[in-house]
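Okay, so here's the structure we're looking at.
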Amino acid sequence: MIYKKRNIIIIILGIFIFGSIGFFNYLVDPYGIIHSFPNLLCISDYPRNMYPTVLKLSKKHKYEYLIIGSSATKRFINRSLFNNKNTIYMMTDRFNLSVQIKYLKFILSLHPEIKNIIFPIEYAFYYSPEEKRPLEKPGNKFITTNDIIKLFFSLDTTLNSIKTIVSGSKNISNKNNEQIQCDARYEEHVIFNKKNFIGAYEKVTFPHPNDSELEELKNLIEEKNKKITIIFPPYHALIQTIMEEKLPGKAQNLKQWVVNNFPDSKIIDFAYINNYTAEPIENSINYTDIAHPNGHTNYIFYCALKYPDKFQNKNIFTELSKDNIDEIINIQNEKLKQYSNNNREYIKKFKNYKHKDGIDFVTKNAFVPATCNYYLRNN
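Residue numbers -9 to 369, in my numbering, belong to the letters of the sequence shown in order.
Dropping the structure here:
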């Protein structure tokens, strides 16, 4: 009898503690997604294992734009680009094509109201496998028991609730905003550490792609009758040259395929040789490394995306279509050949570089203009 009463007390106490933890996390809402929802939803604000749960909860809000992509997109596009539009920024590291398409289907099932999709094609790493921290597959669009546990009872959520209370911030996501690329922070003069600007070469394998996944993207866009803008990010000239050596013609063939298969879409190409992509990588403030352009507010690539009409004649990007694709590919091939011939020693030095301990850092003095008009006046 005594043991029975003891067991009942233990069960009641366990329920009370468990319930208190859930109620505490509900009140604190450390991720800022239970009591309200942001108009600009940047998925990388949240823990990777929370992505499907966060997206499911986003159903209570309506969005007009969706930007989806991996690390190059994450560094290329920040949230101020569409600061007057309700936008989902589905951008995160190591986000390969097949998983991107799964998430695209998932988000469109949750948000059929989305009208505009921006989909950069990051061909340098596009078909690479997820190496670390693989993303949880999105699954069905309804809240599950697993979602409830993550939201209210997990150790991570409870620790983040405590951190939120201690720090006094509204929620843990807002507190971390300065550390993420989706943030629209601006600094006019800054000295900053740049991620290893040449070590990334060792990770670039350019595996042969599975084109059926691009077919799947095409079929999905047609089925859902959505408007899509496809962007080729401004890869540095070094990575363009190395890829051409390893897979001759692959990048240009990919551009040709996209133009032929998305005839009604806007296709914006930043991935060719120009004054910005060919700038020595160790001096450029526009790159974190050869595969990752810098898209903070008022940097050149940001400005070109933000104000395309003003920058269309600045030789930063070109718009591809069936009418011009053959001519543009010929021009781009010639520019790539010239860069390769004129920079043989520089390319060789780069390819022979071996970085230590995985990452090296270089410090650069960056001047960032107060507005994008600086480039219009001075270039």
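Just so you know, even glycine gets a beta-carbon here, dropped at the ideal spot from N, CA and C.
In the three-state reduction of the DSSP assignment, Lys75 falls in the coil class, being assigned neither a helical nor a strand state. Taking a cut-off of 8 angstroms on C-beta distances, the stretch 268 to 285 touches the stretch 228 to 244, as three or more cross pairs fall below it. Here Tyr79 is buried, its C-beta having at least 16 other C-beta atoms within 10 Å. Taking 8 angstroms as the cut-off, the Cβ atoms of Thr77 and Tyr55 count as close. Boundaries of the alpha helix (DSSP H) around Thr135: 135 to 142.
In chain order, Leu47, Ser48, Lys50, His51 place their CB closer than 8 angstroms to the CB of Phe27, counting only its own chain and leaving out the 5 sequence neighbours on each side. According to DSSP, His51 shares a beta bridge with no other residue. Closest in alpha carbon position to Tyr262, among Gln328, Glu212, Phe252, Ile337, is Gln328. With a threshold of 16 other beta carbon atoms within 10 Å, Thr361 falls short and is exposed. If you check the CB distance, Pro224 and Tyr266 come in under 8 angstroms. For Phe96, the uninterrupted alpha helix (DSSP H) run begins and ends at 87 to 100, by DSSP.
For Tyr277, the enclosing beta strand (DSSP E) stretches over residues 277 to 279. A distance below 6 angstroms between beta-carbons, with the five flanking residues on each side excluded, links Asp137 to the following residues of its chain, in chain order: Thr43. Leaving aside the five residues that flank Ile211 on each side, the residues in its chain whose CB is nearer than 7 angstroms to its CB run, in chain order, Ile218. In the structure shown, the three-state DSSP call for Asn333 is coil. Residue environment for Asn68: buried (at least 16 other C-beta atoms within 10 angstroms of its C-beta). Counting along the chain, the unbroken beta strand (DSSP E) around Asp259 starts and ends at 256 to 259. Scanning its chain for C-beta atoms nearer than 7 angstroms, with the 5 sequence neighbours on each side dropped, one finds around Phe307 the residues Ile258, Asp259, Phe260, Ala294, in chain order. Lys95 is the residue among Thr148, Lys216, Lys95 whose C-alpha sits nearest the C-alpha of Glu203. Taking Phe72 as the centre and dropping the five residues before and after it, the same chain places the C-beta of Tyr55 closer than 6 angstroms to its C-beta, in chain order. Excluding five sequence positions before and after Phe252, the CB atoms of its chain that fall closer than 8 angstroms to its own CB belong to Lys208, Ile211, Ile218, Ile220, given in chain order. Assignment of beta-bridge partners to Gly59 by DSSP yields Met81. Residues Ile57, Thr219 of the same chain have their beta carbon placed closer than 6 angstroms to that of Ile108, with the five preceding and five following residues left out of the count.
Where Phe222 is concerned, the enclosing beta strand (DSSP E) starts and stops at 217 to 222.
The three-state reading of DSSP puts Glu213 in helix, counting H, G and I together. When only Cα atoms are considered, Val248 and Ile318 end up about 14 angstroms apart. Between Arg65 and Asn284, the C-beta spacing is below 8 angstroms. Ser151 is not a Cβ neighbour of Phe13, given a cutoff of 8 angstroms. At a Cβ-Cβ threshold of 8 angstroms, Ser34 and Glu112 do not count as neighbours. Minimum Cα-Cα distance from Ser144 among the listed residues Arg334, Phe8, Ile337 corresponds to Phe8.
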